[in-house]
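There are 2 protein chains.
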Amino acid sequence: MSRQPVEDAAPVGRVQRKRGRRVQEILSTAAELFGERGYDAVSLDDVAERLDVTKGSLYYYFPGKDELAVAAIETLGADWTGRLERLAATVEGPPHERLRALIREHVAIAVGEYPAALRLFLVPSTWPDDPRERIKELRRRHDQVFRGVLEEGLASGEFAVTGVETTLQCMHAAMAQAPLWCGGLESDAQERALDELADTLMKLVAAAQ
Amino acid sequence: MSRQPVEDAAPVGRVQRKRGRRVQEILSTAAELFGERGYDAVSLDDVAERLDVTKGSLYYYFPGKDELAVAAIETLGADWTGRLERLAATVEGPPHERLRALIREHVAIAVGEYPAALRLFLVPSTWPDDPRERIKELRRRHDQVFRGVLEEGLASGEFAVTGVETTLQCMHAAMAQAPLWCGGLESDAQERALDELADTLMKLVAAAQ
DNA sequence: CAGCCTATTGACTCTCGGGTCAAAGTTTGC
DNA sequence: GCAAACTTTGACCCGAGAGTCAATAGGCTG
C-alpha cells in the first residue's frame, strides 16, 4: 500500500523526468553487462553494484530480471538499429560502397561501443523466451537493412550471390563473431582487421568471373 | 576410507572394462546435453536423470561439473576432429573439391549428429576457464584442418583470399551458426540449405575476376 | 557362503541469486 | 515547514543446483 506500483500511476512534471533518467541509467548499465556476459552470468546484484545501488531499487523500476533484459535489449537495439538504418538511407554511391559501409559500421559499433553486444545475437537459446524474441526481432531488423542493399546490387547486376538468405546468414555470423577475435587488438590493428573483414565479406557478393 | 577414490587405484580386468563403459555412457550423455543447452543450463541432475541414475553416481566417476564438461568436450571433440582430419587426408582432387567436402562434412556433423554441438564454439565465455580452454583447443584443431587445404589452394593459385585468418574466421562463424537456422528443416530442404551454404562459403576463396 | 571390492543411493549442507517488503530517507508542492 | 509522494535500503524468504557422505546393494572370488 505504501509502495509505488512499478507500472502505472505515472507521476508528472520534473519527477517523471528524473524517473526517466534513472531508468535510462539502469538500462544502459544492464545492456552493458548483458552484452558482456549474457543473461545467466549477470545477477541483479551485479547490475545494482555497478550503479552503486541496491537490488531492491531495481525492482522499484522493473518487475523482474526478464523485463529488465527485454527493456535493455530494446534500448541498445533501438540505438544500434537506428544508426544502421540511418546510414543505409544516407550513404550515396553504388551498392558496393554502401554495403561495405554498412558492414564497417555494424562491426565497428559491435567491437567498439558495445564491446560484446553482438553476443546478444549469438546464442539466443540461453535467454528466456521473452528476451529471446526481442533479440530475434532485433536481428530481423538488422537483416532487413542489409537485405535492402543486397537486393539493390543484385537488381543492378553489380552483385551475384548463391542465395540471398544464406549470404545474409554468413555475413551476420561473421560480423557477430568479430568482437571475439579482434576485440582485444590495438586501435590501428583493429582498424586493419575490420577492413580485412569487410573486404572478405564483400567477396560473398562479388559477381562471378 | 570406504569410498573408491575418483582418480587413482585403477581396478583391473573385467571390472575396469565395465567402469570404462559407464564413463563413456556418462560422457556421451553429458556431451549431448551440454551441446544442446550449454554449460549453465545443464544441471548434474539433468545429466543423471537422462542416465536413470542419481547425481551422486556422477561424482563417483568425476570430481565435479567442470571436469565432466572438459571430458565430455574432449570425447565429442576427438570424434569430430578425427573425422575432419581423416577426411582431409583422404579426399582426392583439387583443393577446391577438398575444401568443399570439408565444409559439407563439418556442417553436416554439426547439424545432424550433434544437433547443437557447435554451440560449444559460439560463446566460449559462458564456460568456466578450464572447459573454455578445451573448446578453444578444439577449435584450433578444426581451423588447422581448414587452413591446410586453404593454403594448398593459395599456393596453386586456385584460391585467392583477402586474408587467410580472416577467411577462416568467417567460415567458422558461418558454419557454427548453421545448426541454428537449418537445424529444423526437413532432410531434403536441409541438404539444399547445406549445399547453398557450402557454395556461398566457397566464394570466400574464389580467385578474383 | 563369506568377505571384499564396486557401484549407487538419498538425504544432507551450503551458496547464490531472484524476488519481497516494511521501514527509513529524500523530494516536491503547497 | 510540513505532509504527501517518491526513492532507496537491508534484511528476509525461497528454490535451485553443486557438492558430500554414510549406508546399502550388488556382484566376484576364494
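Chains G and D supply the protein sequences, listed in that same order.
The first sequence begins at 72 in my numbering and counts up one residue at a time.
The second sequence begins at 72 in my numbering and counts up one residue at a time.
Quick reminder that beta carbons are idealized off the backbone N, C-alpha and C, glycines included.
Just so it is clear, the structure is predicted and the values come from calculations on it, not from any experiment.
When C-beta distances to chain D are compared with 8 Å, the residues of the segment 221-239 of chain G below that value are Val232, Thr233, Gly234, Thr237 and Thr238, in chain order.
The beta carbon of Ala277/G falls within 8 Å of a beta carbon belonging to chain D, placing the residue at that interface. Against chain D, a Cβ distance below 7 Å from Trp252/G picks out Gln240.
Remark: fewer than three beta-carbon pairs, one from each stretch, lie closer than 8 Å, so the segment 103-111 of chain D and the segment 157-170 of chain D are not flagged as touching. A residue is called buried once 16 or more other Cβ atoms fall within 10 Å of its Cβ, and Arg203/D is buried on that count.
Interface flag for Lys126/G against chain D is unset, since no Cβ pair is found closer than 8 Å. In the three-state DSSP reduction, Ala277/G falls in the strand class (E or B). Considering only Leu115/D, Leu147/D, Leu265/D and Asp150/D, the residue with the shortest C-alpha distance to Phe133/D is Leu115/D. Residues Val232 and Leu275 of the same chain have their beta carbon placed closer than 6 Å to that of Thr238/D, with the five preceding and five following residues left out of the count. If you check the CB distance, Thr146/G and Leu122/G do not come in under 8 Å. Taking every protein chain shown into account, the CB of Glu176/D has 16 or more other CB atoms within 10 angstroms, so this residue is buried. Non-local beta-carbon contacts of Arg212/D in its own chain, meaning distances under 6 Å to residues more than five positions away in sequence, involve Thr152 in chain order. The beta-carbon distance between Gly224/D and Pro166/D, rounded to whole angstroms, is 3 Å. This is short enough to meet the 8 Å contact definition. Taking a beta-carbon distance threshold of 8 Å, Ala101/G does not count as an interface residue toward chain D. Our two residues, Glu267/D and Ala140/G, have alpha carbons roughly 35 Å apart in a direct line.
In the structure shown, Phe217/G falls within a helical segment according to DSSP collapsed to helix, strand and coil.
Each residue's CA atom was taken as its position, placing Leu170/G and Leu209/D some 34 Å apart.
When Cβ-Cβ separations below 8 Å define contact, Asp123/G makes no contact with chain D.
For the options Gly219/G, Cys241/G, His243/G and Val182/G, the alpha carbon positioned closest to that of Glu257/G is the one of Val182/G.
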